[in-house]
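In case it helps, numbering that gives the first Met the number 0 puts the sequence shown at residues 0 to 353.
This report concerns only the one structure given below.
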Amino acid sequence: MDEFTMPMNDTLFNINKLVRKNILNMKPYSSARDEFSGAAEVYLDANENPYKTNVNRYPDPHQVELKKAIGELKGISPDLIILGNGSDEPIDLLIRSFCEPTIDSVLLLEPTYGMYSVCADVNAVDVQRVQLSVNFDIDWELVRRSIDTSTKIIFLCSPNNPSGNLLSENKIDQLLNYFNGLVVIDEAYIDFAESNSYLQKLSKYPNLVVLQTFSKAWGLAALRLGACYASKEIIAVLNKVKYPYNINILTQQLALEAIQAVEIKNNWVTEIINSRKELALQLSSITIVEHIYPSDANFLLIKVKDANHTYTSLLKQGIIVRDRSKIPGCENCIRITVGTEYENKKLIEALKKL
Ligand SMILES: *Cc1c(COP(=O)(O)O)cnc(C)c1O
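Have a look at this one:
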């Protein structure tokens, strides 16, 4: 066994050394509903309006019922879950809790989702950028050489946005074993993928953090609900830092209803995966389409002859796609979300006209 595959264990990974000192030492806000959570007849503790509007009372700050439902669905204990206003919130919480501004850094594998670097910038945390290989997988040697003593968090996105592919499991495992900081795996698109979620490896890796969202497969983007899964110790840190009532009551109720009808989500996923295959087939017969990247998500990244021209021509026909051609590694690439049968047909017709 060489030094790079040395197994991560609790003695190597010390959460108290990783977390920012001010966060470690702070006392979190204690809300009215933290100090009393049970049932009572008269509630005069939170300065709420007593007249019933359905939303006049503060929501459960710990989302006990919703986390229980998510936990049962995923086979995870609720104390390994923190919920956020979209998964964008835990991305910010992680950086804010573990990275000392102007001293620590986060490492990103590009091209990838834009929010990691935005949250780092907002928090004055340095970004170390490593390019993914030509097939958008982890270049292990490059990553290993880029990690230094300032690196606190490595963000992996699998399936990756905008490329659509899963990162290879053995390289992710290698990284989890090698790196002493947090390895965050953003699984926003995992429902559409062939492979298993990293949730099942939470007990194996104390430094693993998994992000999932209700914005894609679940069809609840406007609700703003994301889930972050990690060890009890990591979740406890994030719970100290999050706003007390970060998930509103309507979101909690609607998400619970969606989970109780999970087969609706599963049917959409099957439908979208079939449409993705069909769309890829149709795209492959269009002359300006030079390459269709393999996708484990609900979108396709395609390379065209002239991305700018394709984008503006589609726009003129009332079809919006995402121009990713300015991003290093995505030259002349366009990202297309898999739509309804009708939307996909309109796209193909429009592309054929170019
Ligand atoms: C869409 C997306 C998200 C979801 O963000 P929300 O804030 O949960 O809506 C997270 N990560 C990636 C990579 C995404 O593409």
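Quick reminder that beta carbons are idealized off the backbone N, C-alpha and C, glycines included.
Based on Cα-Cα distance, which residue from E330, I318 and C332 lies nearest to E342? Along the sequence shown, one-based indexing puts residue 342 at 343. Considering only alpha carbons, the answer is I318.
Distance, I75 Cα to K239 Cα: For this step, residue 239 is matched to residue 240 along the sequence shown. For this step, residue 75 is matched to residue 76 along the sequence shown. Each residue's CA atom was taken as its position, placing K239 and I75 some 21 Å apart.
Three-state secondary structure (DSSP) at V364? What the structure shows of the chain is the stretch from 0 to 353, and residue 364 is not part of that stretch, so it cannot be assessed.
Within the present structure, is the beta-carbon of N160 separated from the nearest heavy atom of ligand 1 by less than 6 Å? As a working note, residue 160 is residue 161 in the sequence shown. Checking the Cβ of N160 against ligand 1 gives yes.
Entirely enclosed beta strand (DSSP E) segments - the stretch 128 to 207, minimum 3 residues: Whole beta strand (DSSP E) segments, 3+ residues: 150 to 156 and 181 to 185.
Going along the chain, which residues put their C-beta within less than 5 Å of some heavy atom in ligand 1? Taking each Cβ in turn, the ones that pass are G85, S86, D87, Y112, C156, N160, D185, A187, T212, S214 and G225.
State buried or exposed for T101, treating a residue as buried only when at least 16 other CB atoms are found within 10 Å of its CB. Start at 1 with the first residue of the sequence shown, and residue 101 comes out as number 102. Under this definition T101 is an exposed residue.
Length of the line joining the Cα atoms of E2 and F135: Position 3 of the sequence shown, counted from the start, is the residue given in the question as residue 2. Position 136 of the sequence shown, counted from the start, is the residue given in the question as residue 135. In this prediction, E2 has a pLDDT of 41, which is less than 50 and means its spatial position is unreliable; nothing more can be read from the coordinates.
Continuous beta strand (DSSP E) stretch holding V261: start and end: Position 262 of the sequence shown holds residue 261. Taken as a continuous stretch (DSSP letters only), V261 belongs to no beta strand (DSSP E), being part of the alpha helix (DSSP H) at V261 to L282.
Nearest-angstrom Cα distance between S202 and L17? The residue given as residue 202 occupies position 203 in the sequence shown. The residue given as residue 17 occupies position 18 in the sequence shown. About 19 Å.
Whose CA, out of G37, P110 and I81, lies closest to the CA of K325? Within the sequence shown, numbered from 1, the residue matching residue 325 stands at position 326. The residue among G37, P110 and I81 with its C-alpha nearest the C-alpha of K325 is P110.
Closest by CA to K73, which one among I189, L280, I347 and P293? For the purposes of this step, residue 73 is taken as the residue at position 74 of the sequence shown. Taking the Cα of K73 as reference, the smallest distance to any Cα among I189, L280, I347 and P293 is reached at I189.
Alpha carbon of T148 to alpha carbon of Y50, nearest angstrom: Locating residue 148 in the sequence shown gives position 149, where the first residue counts as 1. Locating residue 50 in the sequence shown gives position 51, where the first residue counts as 1. Each residue's alpha carbon lies about 55 Å from the other.
What residues in its chain sit with their C-beta under 6 Å from that of G37, if we drop five residues either side in the sequence? The residue you call residue 37 lines up with position 38 of the sequence shown. So no residue of the chain qualifies.
Integer Cβ distance of L210 from K200, believed to fall under 8 Å: Looking up residue 210 in the sequence shown gives position 211. Looking up residue 200 in the sequence shown gives position 201. With a contact defined as Cβ atoms closer than 8 Å, L210 and K200 miss out at about 14 Å.
Measure the C-alpha to C-alpha separation of A306 and Y28 and round it to an integer number of angstroms. On the sequence shown, residue 306 is found 307 positions in, with the first residue counted as 1. On the sequence shown, residue 28 is found 29 positions in, with the first residue counted as 1. Looking at the two C-alpha atoms, the distance is approximately 50 Å.
Which complete alpha helix (DSSP H) runs does the stretch 285 to 342 hold, if anything under 4 residues is left out? Runs of the alpha helix (DSSP H) inside the stretch 285 to 342: 306 to 315.
H61 versus D78, K231 and E71, residue with shortest Cα-Cα distance: Against the sequence shown, residue 61 aligns to sequence position 62. The candidate whose alpha carbon is nearest that of H61 is D78.
Beta-carbon within less than 8 Å of I411's beta-carbon, same chain only, minus the 5 sequence neighbours each way: which residues are those? A query on residue 411 cannot be resolved here, the shown segment of the chain reaching from 0 to 353 and no further.
Under a three-way DSSP split, which group does Y115 fall into? Looking up residue 115 in the sequence shown gives position 116. In the structure shown, Y115 sits in a helix (DSSP, three-state: H, G or I).
Which partner residues does V105 have in the DSSP bridge list? The count along the sequence shown starts at 1 and reaches residue 105 at position 106. In the DSSP assignment, the residues bridged to V105 are V126 and I152.
Suppose you measure from the CA of M0 to the CA of P58; what does that come to, to the nearest Å? Translated into positions along the sequence shown, residue 0 becomes position 1. Translated into positions along the sequence shown, residue 58 becomes position 59. Note that M0 has pLDDT 36, beneath the 50 cutoff, so the model's placement of it is unreliable and no number is given.
Buried or exposed by the 16-neighbour rule on C-beta atoms within 10 Å, applied to N273: Locating residue 273 in the sequence shown gives position 274, where the first residue counts as 1. Under this definition N273 is an exposed residue.
Is Q211 helix, strand or coil by DSSP? Counting from 1 along the sequence shown, the entry for residue 211 is found at position 212. Here Q211 sits in strand by DSSP.
Note the first and the last residue of the continuous alpha helix (DSSP H) segment covering A235. Counted from its first residue, the sequence shown places residue 235 at position 236. K231 to V240 is the extent of the alpha helix (DSSP H) around A235.
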